[in-house]
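Colleague: Numbering-wise, the working numbering puts 168 at position 168 of the sequence shown, and it's gapless, one number per residue. The structure that follows is given in the form of structure tokens.
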Amino acid sequence: MKVAADADRLRREGVDVVDFGAGEPDFPTPDNIKQAAIRAIEGNFTKYTPAGGTQELKQAICERHAADYGTSYSPSECIISVGGKHIIFNYMQVLIDSGDEVVIPVPYWVTYKDVVNYAGGKCVFVETDEAKGFALTADMIESHLNERTRMVIINSPSNPSGAVVERSEFEKIFQLTSKRGIWLMTDECYCRFLYDSSPFSIASLPDAKETVLVAGSLSKTYSMTGWRIGFGLAPAPVINAINKLQSHSTSNPTSIAQKAGVEAVRGPQGSVDVMLAEYKKRRDFVINRLRQIPGVTTAEPRGAFYAYPNISEALERKGIASPMEFAERLLAEAHVAVVPGEAFGTDKHIRISYATSMQELERGLDRIHKFITG
Ligand SMILES: Cc1ncc(COP(=O)(O)O)c(C=O)c1O
1 MKVAADADRL RREGVDVVDF GAGEPDFPTP DNIKQAAIRA IEGNFTKYTP AGGTQELKQA
61 ICERHAADYG TSYSPSECII SVGGKHIIFN YMQVLIDSGD EVVIPVPYWV TYKDVVNYAG
121 GKCVFVETDE AKGFALTADM IESHLNERTR MVIINSPSNP SGAVVERSEF EKIFQLTSKR
181 GIWLMTDECY CRFLYDSSPF SIASLPDAKE TVLVAGSLSK TYSMTGWRIG FGLAPAPVIN
241 AINKLQSHST SNPTSIAQKA GVEAVRGPQG SVDVMLAEYK KRRDFVINRL RQIPGVTTAE
301 PRGAFYAYPN ISEALERKGI ASPMEFAERL LAEAHVAVVP GEAFGTDKHI RISYATSMQE
361 LERGLDRIHK FITG
């Protein structure tokens, strides 16, 4: 947020900033989705809906999830929220109490830590193996489980690293958590953006529905970040508790956006493949360019649209104390916005979002190369 604010200020001053900070697709929302929203407005679908979303959208989400991943949720196990962030916040509010431990692999999406803390929980961080692309294994998780562990959070593919948890490891993690009655929250925000593996949801395993909590979002999959539609798939009592919370806090997600959401999940899915193919091209370009910069190493992202290069050698060479200082100086001196690794729990990295055009990627990477070697 700080980098975004600084970049904004520079832009207002007329500086030509290349922005690798934004975590959102640069594609417009597909036209069929926009048209559905226009029809909703013209048809006066502009009033309250049930607090947990319309039956129509819940049904459509359950069907989409079943078609993509082979799950079997019904609308009573589904809730529509104001974006994926909202459902994650709500899971913590209804399930995490003071002193409960929540296991979070590092690097992590910044919000997990804050929503766990806000609920009174304690974050327990698990290091992953950077040399193997930030690989997470069940063994790494197991050594952090104890009688206070209430939840494990998995985000695959990961923001910020693009790491994907191997299916066999994910299944082992599920075995560990389910037999102890620990919630396994799977953040599937980027689940449709995988470069070398097929879409998979841990919720498709037999018995998974008892302890798995799916946090889903239409934001990235359909380039709908501003529409604010996310969803949860979970046991009905959890859904009911969240429904109460939503009914006294946000009420329903916007009625018009819900109609757009129905079209997104029921309509043609071709736009997702188009975006994925473009991200893959950009991923290859970015990784290749980063690897040419002396003092920078980078794991290959296997999904999502972020690279997470290790800049520790470059920091040393330039006498820069931290990724935060690096990001500040890169923005001030080379006019490129990136997010420092401290936001994601590491002190040797920056995050580069490649959800931007090839032309911008070229310009920005030229500037980063010059900044580091200059
Ligand atoms: C890992 C992860 N989960 C969830 C979200 C939530 O997205 P939204 O609230 O826009 O649906 C994001 C957004 O950046 C994300 O990166």
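The beta carbon of each residue, even a glycine, is placed where N, CA and C say it ideally should be.
Is the beta carbon of Val106 sitting closer than 8 Å to the one on His335?
Modeller: Looking up residue 106 in the sequence shown gives position 106. Looking up residue 335 in the sequence shown gives position 335. No, they are not a contact pair.
Colleague: Could you give the first and the last residue of the continuous alpha helix (DSSP H) run that contains Lys392?
Modeller: Beyond the ends of the chain as shown, which are 1 and 374, falls residue 392; an answer cannot be given.
Colleague: Distance check for Phe134 and Gly251, CA to CA, integer angstroms please.
Modeller: In the sequence shown, residue 251 corresponds to position 251, counting from 1. In the sequence shown, residue 134 corresponds to position 134, counting from 1. Gly is not the amino acid found at residue 251; the sequence shown has Ser there. So the two alpha carbons sit approximately 38 Å from each other.
Colleague: Gly52 by DSSP, collapsed to three states: which one?
Modeller: Counted from its first residue, the sequence shown places residue 52 at position 52. Gly52: coil per DSSP, three-state reduction.
Colleague: Using 8 Å as the threshold, is the region 200-220 in touch with the region 71-81, meaning 3 or more CB pairs across them?
Modeller: Touching, yes.
Colleague: Just checking, does the region 136-156 make contact with the region 165-184 on the three C-beta pairs under 8 Å criterion?
Modeller: Because the criterion of three Cβ pairs below 8 Å is met, the region 136-156 and the region 165-184 touch.
Colleague: Can you give me the Cβ contacts of Glu63 inside the same chain, cut-off strictly under 8 Å, excluding the 5 residues immediately before and after it?
Modeller: As a working mapping, residue 63 is identified with position 63 in the sequence shown. If we look at Glu63 and ignore the five residues flanking it on each side, its Cβ neighbours are Val265 and Arg266.
Colleague: Comparing C-alpha positions only, which one of Ala22, Pro237, Asp68 and Ser198 sits nearest to Glu360?
Modeller: Along the sequence shown, one-based indexing puts residue 360 at 360. The shortest C-alpha separation from Glu360 is found at Ala22.
Colleague: Which whole-angstrom value is the C-beta distance of Ser247 and Ala37, which I expect to be below 8 Å?
Modeller: Start at 1 with the first residue of the sequence shown, and residue 247 comes out as number 247. Start at 1 with the first residue of the sequence shown, and residue 37 comes out as number 37. In fact, because the Cβ distance is near 24 Å, the residues do not count as touching under 8 Å.
Colleague: Mind reading off the beta-carbon distance from Leu245 to Asn90? Whole number of angstroms is fine, and I expect it under 8 Å.
Modeller: The residue given as residue 245 occupies position 245 in the sequence shown. The residue given as residue 90 occupies position 90 in the sequence shown. Confirmed, Cβ separation roughly 6 Å.
Colleague: Between the C-alpha atoms of Met151 and Asp196, what's the straight-line distance to the nearest angstrom?
Modeller: Position 151 of the sequence shown, counting from 1, holds the residue named residue 151. Position 196 of the sequence shown, counting from 1, holds the residue named residue 196. In a straight line, the C-alpha of Met151 is about 28 Å away from that of Asp196.
Colleague: Evaluate contact between the region 119-135 and the region 271-287, counting only Cβ atoms and requiring at least three cross-stretch pairs below 8 Å.
Modeller: At 8 Å Cβ cutoff, the stretches do not touch.
Colleague: Identify the continuous beta strand (DSSP E) that holds Thr186 and give its terminal residues.
Modeller: Counting from 1 along the sequence shown, the entry for residue 186 is found at position 186. Its beta strand (DSSP E) spans residues Trp183 to Asp187.
Colleague: Which residues does DSSP list as the beta-bridge partners of Phe231?
Modeller: Position 231 of the sequence shown holds residue 231. Ile80 and Gly216, per the DSSP bridge assignment.
Colleague: Alpha carbon to alpha carbon, how far is Pro25 from Pro157?
Modeller: Working through the sequence shown from its first residue, we reach residue 25 at position 25. Working through the sequence shown from its first residue, we reach residue 157 at position 157. Straight-line Cα distance between these residues: approximately 15 Å.
Colleague: Run the proximity test for Gly261: is its beta-carbon closer than 7 Å to any non-hydrogen atom belonging to ligand 1?
Modeller: Start at 1 with the first residue of the sequence shown, and residue 261 comes out as number 261. Checking the Cβ of Gly261 against ligand 1 gives no.
Colleague: DSSP has Asn155 in a bridge; who is on the other side?
Modeller: Residue numbering aside, residue 155 sits at position 155 when the sequence shown is read from its first letter. Asn155 pairs with Asp187.
Colleague: CB-CB under 8 Å to Ala203, same chain, minus the five flanking residues each way: which ones, in chain order?
Modeller: One-based indexing of the sequence shown puts residue 203 at position 203. For Ala203, where only same-chain residues beyond five positions count, the Cβ hits under 8 Å are His65, Tyr69, Thr71, Tyr73, Thr186, Lys209, Val212, Val214 and Leu233.
Colleague: When we look at the beta-carbon of Met1 and count the other beta-carbons within 10 Å, is it buried (16 or more) or exposed?
Modeller: Counting from one through the sequence shown, the residue named residue 1 turns up at place 1. So Met1 ends up on the exposed side.
Colleague: Under 7 Å Cβ to Cβ from Asp97, same chain only, skipping five residues before and after it: list those, please.
Modeller: Against the sequence shown, residue 97 aligns to sequence position 97. Result list for Asp97: Gly120, in chain order.
Colleague: Please determine, among Val103, Gly319, Leu194 and Gly14, the residue with the shortest C-alpha to C-alpha distance to Leu184.
Modeller: As a first step, residue 184 is located in the sequence shown; it is residue number 184 there, counting from the start. If we check each option's Cα against that of Leu184, Val103 comes out closest.
Colleague: CA-CA distance, Tyr222 and Glu147?
Modeller: Taking the first residue of the sequence shown as position 1, residue 222 is located at position 222. Taking the first residue of the sequence shown as position 1, residue 147 is located at position 147. The alpha-carbon atoms of Tyr222 and Glu147 are separated by roughly 40 Å.
Colleague: Between which two residues does the alpha helix (DSSP H) harbouring Lys172 extend?
Modeller: For this step, residue 172 is matched to residue 172 along the sequence shown. Unbroken alpha helix (DSSP H) run through Lys172: Arg167 to Arg180.
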